[in-house]
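Numbering (full-length UniProt numbering), first residue to last: 1 to 889.
C-beta atoms are modelled at their ideal positions from N, C-alpha and C, and glycine is treated no differently.
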Amino acid sequence: MREREREARDREARYSNGHLFNSLTVSGTTLCSACNKSITAKEALSCPTCNVTIHNRCRDTLPNCVKMKQKQQKLALMRNNSTYQNVTLRNKANLKDRPSSAIYPSDTLRQSLLGSRRGRSSLLLSKSVSTNNIAGTLNDDSPLGLRRILSQSTDSLNFRSRTMSMESLNDEGEVYFTSLLEDLEVEGQEFEADSWSMAVDSTYLQTHRKDVIKRQDVIYELIQTELHHVRTLRIMDGVFRRGMLEEVQLEPGVVHALFPCLERLLTIHMHFLTQLLTRRAQSLQPDSTNNFTITQISDLLIQQFSGQCADEMLKVYSEFCSRHMKAVKLYKELLARDKRLQLFIRRVSRRPLLRRHGFQECILLVTQRITKYPVLVQRIYDNTKDNPEEAAGLSRSLSCMREMLCSVDQQVLELERTQRLQEIRSRVDPRAEAKLRSGALFRPAELLRRQLIHEGTLLWKTPSSRLKDVQVMLMTDILVFLQEKDQRFIFASLDKSAVVSLQSLLVRDIANQERGLFLISSESSPPEMYELYAASKDDRNTWIRLIQQTISSCPSREEFPLIETEDKALLRRLKADIQQKDREVLELLQERVTLFSDLAEVMGGYEVMLPSCSRNLFRAESPQAPRGEQLLTQAITEVDRLTELLLGSNFEDPLPCSSNGHHNHTGALVINGQDVLVNGSQENQATQEVSQRLVNLSAQLHALQGVVIRQDSILELCLRESSVSPATTRARTVRSLSRDGASDFGSLGELALLQRQHSLLQEELVRLRGAEGKLRHSERAKAQLEKQLRDLKTNSATLGDGAGNAATRRESDTDPNTDNPLAGQESMDQSDGLQEFSDVEVDVISDDDDDDEVDSKVSPHSESPRGLNDAENSALYHRNKLHFLNVFK
C-alpha cells in the first residue's frame, strides 16, 4: 500500500501542464526549451510525449503539452458522442414552454435579476445560474454526461446574455466612424487606378516618351501611397482611438501609449498630402480632370524632408517606432482581458475597409512608411535625366531622406537600449555589490549613468571546467557579468570580478573553438583572463567586433571615472536638469513663434512665412545660436522698418491694440505688449508687410531670449567649475550678476551678458600678461647660466693644458726609467678636477635661484693666468677645486 502511494506521489510530481516528465542526463551545452539556457546534468527533465527538455525549475512555465491535449480532446469527443445518443434535444418551441422555475427557483430571485436591465446586470446571470438550477433536482446518482451537457448549455446562455447586453450598449457607436469611412472612400476614388498609365486617357498617354511614363508612374505611386498612409492614420485616430476612449472607456494614458504621437503624425502627413494634391491640380491639362503631368516635385520633397519639417518628422517617428513593440504588447494584454475591447474590435472588423486595417496592421504600416520614401524617390531620380536642375533637387532630397532614416534608426536603437537597461536595472537586486580588483564596491546605481551598447547571454567557463550562464552587458567603459537568481539579477559571484574595465582589455578568439573568446584584463597585476562561449560563431564574432569598437572609443578615467562619488553624481544630475530645462524653454519659445505667425495669418488673412534661420536659432548645436549681438541688431532693424511702415502710411481712424495676443473691443490685433495700429481700410500690401515684419520681430526677440537663457546656463556652469581659481571673488560677482540678469529678457539682458563676458576676458588677459613677463625673466636667467657654463668649460680646458705642460717639463728633468709619484698624483688630481667641473655643470643647470651667487664665485676663476710656473699652477688648481666644492655643495 505504501509503495502504491509513493508511486502515485512520484507520478503526480512528474506530471505538470499535461507533461509527464522523466529525469534525464544531458550534456552541458543542451538548451532549455522554456528559457533557452544551458542545462546541467542534475536538473534536466524530459517529456517523452512532446520531446521537450527543460530545467526542473522551469516546469511550471512550460506551456501545456500539445499532444496530450489532442488526446484528451479526442477522448472527450468520443464520450460526448456516446452520451448524445441517449439524450433528446429540445427544439425552440419546447424552450419557450419550459417553466421559469427551472431557471429561477423563486420569484424573489427572478425579480432581483430582471428588475434592472441597465448597466451590467446580465453579468449577474453568470454568477447566479448554476447547473443545479437548470437540472432541477439532480442528485449525485444522475448521469455525469447529462450534468456536463447542462453545464455547457448554461455557459452558452451566460455568454449570449453578456454579448447581447454589450451589443445593446454599443450599437449606436457605429455612427461616428461611418461618415469617416464614407469620406475616405470618396477621397480615394481619384487614385483607384493602379498606375498613372491606367489613370490618364490612352490618347494622352501616347504623347509621352517611355522614360516620362515611368517617371509619372512613380510620382503617381508616391501620391497614392501617401494617400493610403493618411487614410491609415485617420482610421487609427477616428476609429480605434476614439472608440477606445468613448466606447471601451479606456484611460487616456493607456490610449496614448497605444497611439503615441498620432496627432502630430497626422498633421505632418496631411500637410504633405495637401501639397502633393495641389501640385497635381496645378498640373492638370485644360478641360480635363484626370490627365496631368507633374514636371517638378523636388521642391516639395526638399521642403518636406529638410528644415523644420524634417526635425519634426525625426522626433515623431523616433518616438513612435521606439514604442511600437510596447504598444503591440499592451494591446494584446488589453484584448485578452477586456471583453468590451474584444467586442469593439470584432464589430469594427466587419467593415470592408477595416478588414485590412486592424490595430496591429496599422501600427506596422506607420513604422514602415518612412522606409518607402527613399525607394520611390530613387526611382523618380533614375527616370529624370533630361532635367539637370530637377535631378539635382531629387538627389538632395534623397540624401536628406537617407540621413533622416539613419537618424531615426539610431535614435530608435538608443531608446530601445535605454529601455532595456532600465528593465535590467529594475531586476537587479538593490543590495547586490561587485568588488573590484582595486577594492572598491560597484553598486547597481552606477549602471544608469552609462550607455548600453550590447547585451546577451554567454557561458563563463570556471577553473573547474564548468559552464555558467551569465548575462553580459557591454557598456560605455565596462563589461558587466550578471547572474539570475530567484527571478532577479545579481553580480556574478565566480572566481573573477564581475565588472571589467575596457581601459586595458584585450579580446581574442580561441583557436580551436569557433564559439569561444578570451578576455584579458591587464588593468592591474597580475592580469586576469576570462574564457567565454557564445551560442554560435556569428554571435561570437559580433561580440568581438562590438567590444573592440567600444574599446577604441572608451573615455579616459579622468573624463569618466569608474565609480562616481555622491557629490559628482549630484553635480552631474543638476547639470543635466539645467540643460533639460533649457531645451524645454527653447522648445516653448519656438512653439510661441509658430503660434504668433498663425495668429498673424488668421487676423490679417495673409500667409506669413517664418524667417528661414528661425529653426537654427533654437538649436544648441547650431552656429547661429550664440550670436546675440547679431540678433539684437536684426531686431532693432526690424523695429525701425516697422516704425517707418506704421508712421509713414496713411491710416484712417487707427485702432489701438492691447498687448497680450488677442482682440480688443474694437477688433484690432493684439501683439506682444505693444500698441499696433491696424485698420481694415489700409492697402493690402502694407498690411501684409506689417504682418510679416511683426512675425520677423517676434522670431528675433524670442531667439534673443533663448540665447540669453542658454548663455546664462553655460556661464554659470563654467564659473562653477572654475570656482577654485584665484578669481573666486570675481566669479561669484559675475554669477550673481548673471542670476540677477536672467529675468531681463531682450536687448538689456543681452547687453549685460556681453559686458560680463568682456570683463572676464580682460581679467584673463591681465593674468596671461603677468605669466608672459615671468616667462621672459626665466628665459634671460637661462641664457646667463648657459654663458657661465661655457666660461667654466673654457677655464677647465685651460687648467688642463697648464697641468699637462708642467708634467711634461718634470718628466724631462727626471730619469725616464723611474716612476714619479707626483706626476701620477697630479694626473689623478686633474681627472678629479674635470669630474668636479662636470658636477658643477649639472648643479648649475638644475639650480635657477643661485644665479648671482654663481656669477660671484665663478668670475675669479675665469681670470686665472696662463704663464704661471708649475708650483703656482698646481696650488691654484687645488685652491679653485676646494672653492667650487664649498660653493656648490
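Using 7 Å as the threshold, is the C-beta distance between residue i and residue j below it?
i                 : j                 : result
aspartate 211     : asparagine 383    : yes
valine 316        : cysteine 261      : yes
phenylalanine 240 : phenylalanine 320 : no
isoleucine 490    : alanine 432       : yes
methionine 404    : leucine 314       : yes
arginine 279      : phenylalanine 292 : no
histidine 702     : leucine 595       : no
arginine 450      : threonine 418     : no
leucine 458       : leucine 532       : yes
arginine 515      : alanine 492       : no
isoleucine 478    : serine 501        : yes
serine 691        : alanine 635       : no
cysteine 58       : cysteine 32       : yes
leucine 452       : leucine 421       : yes
isoleucine 544    : leucine 517       : yes
serine 46         : aspartate 469     : no
proline 527       : aspartate 495     : no
alanine 440       : leucine 330       : no
leucine 276       : isoleucine 223    : yes
valine 585        : alanine 699       : no
leucine 482       : leucine 546       : no
Beta carbon of residue i: closer than 6 Å to some heavy atom of the ligand ADP?
i             : result
asparagine 56 : The model depicted lacks the ligand ADP and carries no ligand whatsoever.
Is residue i helix, strand or coil when you go by DSSP?
i                 : result
serine 493        : coil
leucine 262       : helix
phenylalanine 240 : helix
glutamate 433     : coil
histidine 19      : strand
residue 890       : With the chain covering only 1 through 889, there is no way to say anything about residue 890.
glycine 439       : coil
phenylalanine 292 : strand
valine 200        : coil
valine 428        : strand
serine 349        : coil
lysine 568        : helix
leucine 595       : helix
arginine 488      : strand
serine 322        : helix
asparagine 541    : helix
proline 252       : helix
At a Cβ threshold of 7 Å, is residue i touching chain D?
i           : result
proline 388 : Any reference to chain D falls outside this structure, which holds one protein chain only.
Starting from the Cα of residue i, find the closest Cα among the options and give me that residue.
i              : options                        : result
alanine 445    : Gln451, Leu436, Leu459, Arg425 : Arg425
aspartate 509  : Asp495, Lys537, Ile490, Pro526 : Lys537
alanine 44     : Leu494, Asn22, Val239, Tyr530  : Asn22
valine 230     : Ile302, Leu335, His357, Asp338 : His357
isoleucine 380 : His269, Gln688, Gln296         : Gln296
leucine 181    : Leu233, Asp201, Thr203, Arg790 : Leu233
glutamine 216  : Leu284, Met270, Ile544, Val480 : Leu284
threonine 267  : Ala392, Ser288, Glu423, Glu226 : Glu226
glutamine 368  : Leu570, His324, Glu423         : His324
glutamate 192  : Leu205, Ser179, Ile213, Tyr220 : Tyr220
leucine 300    : Gln471, Val377, Arg209, Gln411 : Val377
leucine 394    : Gln304, Lys435, Glu416         : Gln304
aspartate 237  : Gln579, Arg355, Cys362, Arg351 : Cys362
serine 497     : Ile547, Ala511, Ala434         : Ala434
leucine 505    : Asp486, Ser553, Arg466, Asp539 : Ser553
By DSSP's criteria, residue i is part of a beta bridge. Which residues make up the other side?
i              : result
isoleucine 54  : Leu45
aspartate 217  : Per DSSP, none; premise fails for aspartate 217.
valine 499     : Val480
tyrosine 381   : Paired residue(s): none; tyrosine 381 is not in a bridge.
histidine 454  : Leu474
methionine 529 : Ile520
valine 585     : For valine 585, which the question treats as bridged, DSSP gives no partner whatsoever.
valine 507     : Leu519
lysine 461     : Leu467
serine 38      : Leu31
leucine 284    : Phe292
Sequence ranges, alpha helix (DSSP H) only - wholly within the segment 172 to 197, length at least 4: The segment 172 to 197 is shown to contain whole alpha helix (DSSP H) runs of 4 or more residues at 175 to 187, in chain order.
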